[in-house]
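Novice:
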Amino acid sequence: MRVLIIKVTLRASWVQSLKEKRMVVKSIIQKLKNKFNVSVAEVDEQDIHKTIVIGVVSVCGSSAQVDSTMENIINFIEVNTDAEIIKIEDTVEVF
């Protein structure tokens with residue numbers, strides 16, 4: 000069993016307030032949960048309205064599934080938001 004942990008940092012240059020940022024974050028989080036059945040949360044930079052940091056965690060059965068899941072999640076984020084991905088950090092824990 001492998002646990003995939005991804006931390007994605009996005010820049011939303013058009014966002015002008017924390018309220019607007021929350022709408023964007025809630026939308027991305029809900030879409031990821033519905034599509035991939037993963038755990039997702041905003042994990043950092045909650046008080047900075049142009050920066051979004053999302054943590055995604057998934058349990059996978061194999062290394063191939065880890066790679067596929069990570070690639071699909073990153074592609075999904077790119078397609079479903081206007082925010083620019085500026086950093087991706089990933090970790091895989093083996094149990």
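So for the sequence shown, numbering that gives the first Met the number 0 puts the first residue at 0; every next one is plus one. Here a beta-carbon is modelled for each residue, glycine too, at the ideal position from N, C-alpha and C. All values derive from a computational prediction rather than experimental measurement.
(1) Cβ of alanine 63 within 8 Å of Cβ of leucine 9?
(2) Exposed or buried, what is lysine 20 when buried is set at 16 or more other beta-carbons lying within 10 Å of its beta-carbon?
(3) For a minimum of 4 consecutive residues, which ranges assigned as the alpha helix (DSSP H) are wholly contained in the stretch 14 to 93?
(4) In angstroms, rounded to a whole number, what distance separates the CA positions of alanine 11 and isoleucine 28?
(5) Determine the direct distance from the alpha carbon of valine 2 to that of phenylalanine 94, and round the result to whole angstroms.
(6) What's the C-alpha gap between isoleucine 108 and asparagine 71?
(7) Assign valine 57 to buried or exposed, taking buried as 16 or more other Cβ atoms, counted over all protein chains shown, within 10 Å of its Cβ.
(8) Excluding sequence positions up to five away, which residues of its chain have a Cβ less than 8 Å from the Cβ of lysine 30?
Specialist: Walking through what the data contain:
(1) The Cβ-Cβ distance between alanine 63 and leucine 9 does not fall below 8 Å.
(2) Around the beta carbon of lysine 20, 16 or more other beta carbons lie within 10 angstroms, which makes this residue buried.
(3) Within the stretch 14 to 93, the runs of alpha helix (DSSP H) that reach at least 4 residues and sit entirely inside it are, in chain order, 17 to 35 and 62 to 79.
(4) Answer to the nearest angstrom: the Cα atoms are 15 Å apart.
(5) A straight-line Cα-Cα distance of about 8 Å links phenylalanine 94 and valine 2.
(6) What is shown of the chain runs 0 to 94, which leaves residue 108 out entirely.
(7) The sequence given here places serine at residue 57; valine does not occur at that position. So serine 57 counts as buried.
(8) Excluding sequence neighbours, lysine 30 sits near Phe75 and Asn79.
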